[in-house]
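Step one of this worksheet: look at the structure below.
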Amino acid sequence: MSKLISLCMIVKNEENVLARCLETVKRFVDEIIIVDTGSTDRTLHVAQHYTTKIYSYKWNNDFSAARNEALKYATGKWIFVLDADEYADETNMMALRRFLENETPRADTLYQINIVNFLGDSSGASTSEQPVIRIFSNHLGIYYFRPIHEQPVIPSGFQPRLVNLPIQVLHSGYTTDVMNAKNKHQRNLGIFQAMEEGDGLSPYDQSMLGKQFLLMNELQKAKHHLEVAFRQGDPKSQWYTFNLTALLETYLKLNEGIVAWNFVEQQLKDYSRHSDILCIKGIIAAMLGFDKEAKHFFHSAIEEAEQRAKKQQDVALVSTTYAFQIPLWELAQIYEREYNYTNAIYYLIQLVQLNHKEIKVLKKLMHILSLRDHSESI
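In terms of numbering that gives the first Met the number 0, the sequence shown opens at residue 0 and continues consecutively.
Structure (structure tokens):
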């Protein structure tokens, strides 16, 4: 019987998370291919419990080269790519397998799934969600390109076709303690520097470098590179819309509310009805002290997302975080400021129902409940 799914991974010093990843997916893939780029811990020992297809690769500051090395050994009909610090649940993996069982491989088609990133301090991490290409057909000439923030590329002569799948994978590698412990920031900056000294940075590279600085909270540097990407990039490129929202996020973190508002009004007219933009308008209004207007925008963002979901459309331009989580959180904050604890609790409970692992939401909910209810009731 031919193999359906080849899980392809590149790893280095992932002994703490690799088993978690593989335990969640092993029953739903037909082979596991692991390319190790120089582990000095027990990563290889852990990997041996799950697969014999383990290969060593000398790290050369090129993620695409390592990814392509893993693709060389894949024999399945479909390629499925995960990182060691990612994991899924049975429902999502079962849905993915059922979909691929009935899908016809095409050289022009790439499939996106939703990656939920845990951000900030792990004791109270928040989350953000974004679509990432992780699935494509094997044996049809698709390969990875770019040393960092690598992307699969279809063979020349084909028009790319992107399919969004309602599959969710969780990612814990962006929490502050993990990023610092593994020195990921400096590793990534080193790759960008080598690219700049070589062929230079494309607009896409500028955007990715800007996002790197945003993750590091070096906001002025983030702003510079994201603005360069905005000026030089192709508005038709998929990454371009992600750059727009990252730039807006940077303006907001710099407390440049007026700049952010003018940017939305002047540059994002075509996206004005998307949940992302409605939510961002709400954030700006709240920042400027216009809570009534902010509530209107947040409610509109949620309603727009719900309407799109009913029509089986993408609920957001970039991230469903802006469609549901952020509007609900901001509404709870506003109603708390207004001492309207009933409404604040209502929106916090909706957030808990979306993700019961949001520590800051649970803390806020317990705090507000403690202001009006007895401990036994809570």
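Just so it is clear, CB atoms sit at the ideal spot from N, CA and C, and this is done for glycine as well. The structure presented is a predicted model; accordingly, all values stated were derived computationally and were not measured.
Residue i versus residue j - alpha carbon distance
i: Leu-43; j: Lys-57; result: 15 Å
i: Leu-247; j: Glu-375; result: 44 Å
i: Arg-336; j: Arg-371; result: 15 Å
i: Cys-20; j: Leu-267; result: 38 Å
i: Glu-153; j: Arg-105; result: A small fix is needed here, since residue 153 is Ile in this sequence, not Glu. Cα to Cα, Ile-153 sits roughly 10 Å from Arg-105.
i: Asp-35; j: Met-8; result: 8 Å
i: Gln-312; j: Asn-163; result: 10 Å
i: Phe-229; j: Phe-289; result: 29 Å
i: Lys-71; j: Glu-255; result: 48 Å
i: Lys-280; j: His-148; result: 29 Å
i: Phe-296; j: Ile-344; result: 19 Å
i: His-48; j: Val-24; result: 14 Å
i: Ser-55; j: Lys-235; result: 39 Å
i: Arg-97; j: Tyr-86; result: 18 Å
i: Gln-185; j: Asn-59; result: 15 Å
i: Ile-301; j: Tyr-338; result: 22 Å
i: Asn-12; j: Val-28; result: 23 Å
i: Ser-299; j: Gly-199; result: 42 Å
i: Glu-14; j: Val-263; result: 44 Å
i: Ala-308; j: Arg-272; result: 14 Å
i: Tyr-143; j: Asp-204; result: 15 Å
i: Thr-341; j: Asp-107; result: 51 Å
i: Leu-350; j: Ala-64; result: 40 Å
i: Met-92; j: Ile-166; result: 8 Å
i: Phe-323; j: Thr-51; result: 42 Å
i: Leu-253; j: Leu-214; result: 14 Å
i: Cys-278; j: Tyr-270; result: 12 Å
i: Leu-306; j: Thr-39; result: A small correction: the amino acid at residue 306 is Gln; Leu does not occupy that position in the sequence shown. About 50 Å.
i: Lys-220; j: Lys-183; result: 18 Å
i: Ile-276; j: Ile-325; result: 12 Å
i: Pro-130; j: Glu-195; result: 27 Å
i: His-355; j: Leu-361; result: 8 Å
Neighbourhood of residue i by C-beta distance below 8 Å, restricted to the same chain and skipping five residues each side
i: Ala-73; result: Ser-5, Cys-7, Glu-30, Ile-32, Asn-137
i: Gln-237; result: Leu-161
i: Leu-109; result: Ile-132, Ile-134, Phe-135, Ile-141, Pro-151, Ile-153, Pro-159, Arg-160, Leu-161, Val-162
i: Leu-139; result: Pro-104, Arg-105, Ala-106, Pro-154
6 Å CB neighbourhood of residue i in its chain, flanking five on each side removed
i: Gln-211; result: Asn-187
i: Ile-377; result: Leu-368
i: Ile-141; result: Phe-135, Pro-151, Ile-153
i: Glu-128; result: Asn-113, Val-115, Ser-318, Thr-319, Thr-320
i: Pro-202; result: Ala-228, Gln-231, Gly-232
i: Met-16; result: For the record, residue 16 in the displayed sequence is Val; it is not Met. For Val-16, where only same-chain residues beyond five positions count, the Cβ hits under 6 Å are Ala-83, Asp-84.
i: Ile-190; result: Asn-60, Pro-146, Ile-147
i: Gly-37; result: Lys-11, Trp-58
i: Leu-327; result: Tyr-346, Gln-349, Leu-350
i: Ile-53; result: Ile-33, Ala-46
i: Trp-41; result: A quick correction: the sequence has Arg, not Trp, at residue 41. Excluding sequence neighbours, Arg-41 sits near Glu-14.
i: Leu-95; result: Ile-166
beta-carbon residue i near the ligand FMN non-hydrogen atom, thresh 6 Å
i: Tyr-346; result: Looking for the ligand FMN in the displayed structure turns up nothing, as the structure carries no ligands at all.
Cβ neighbour criterion (16 or more within 10 Å) applied to residue i
i: Glu-329; result: buried
i: Asn-67; result: buried
i: Glu-357; result: buried
i: Gly-197; result: exposed
i: Glu-89; result: exposed
i: Pro-146; result: buried
i: Arg-133; result: buried
i: Ala-193; result: exposed
i: Ile-257; result: exposed
i: Lys-363; result: buried
i: Lys-222; result: buried
Contacts around residue i, its chain only, beta-carbon distance under 7 Å, and the 5 residues preceding and following it disregarded
i: Leu-225; result: Ser-206, Gly-209, Asn-242, Ala-245, Leu-246, Thr-249
i: Glu-100; result: Leu-3
i: Lys-294; result: Leu-330, Ile-333
i: Phe-62; result: Pro-146, Ile-147, Glu-149
i: Glu-45; result: It is worth fixing the name first, because residue 45 is Val in this sequence and not Glu. Cβ within range, chain order: Glu-14, Leu-17, Ala-18.
i: Ala-304; result: Ser-274, Val-314, Ala-315, Ala-322, Phe-323
i: Trp-260; result: Ile-283
i: Glu-292; result: Ala-284
i: Tyr-239; result: Gly-232, Asp-233
i: Leu-218; result: Thr-249, Lys-252, Leu-253
Between the segment 71-85 and the segment 280-297, do at least 3 Cβ pairs fall closer than 8 Å?
no
Just to confirm the assignment: which complete alpha helix (DSSP H) runs, minimum length 4, are found wholly within the segment 272-343?
274-286, 290-309, 324-336
In chain order, which beta strand (DSSP E) runs of at least 3 residues are fully inside the segment 71-144?
77-80, 108-118, 125-136, 142-144
Beta strand (DSSP E) segments (min. 3 residues) lying fully within the segment 11-66:
30-35, 53-55
Suppose only complete runs of 3+ residues qualify. What are the beta strand (DSSP E) ranges in the segment 144-196, listed by chain order?
150-152, 160-170
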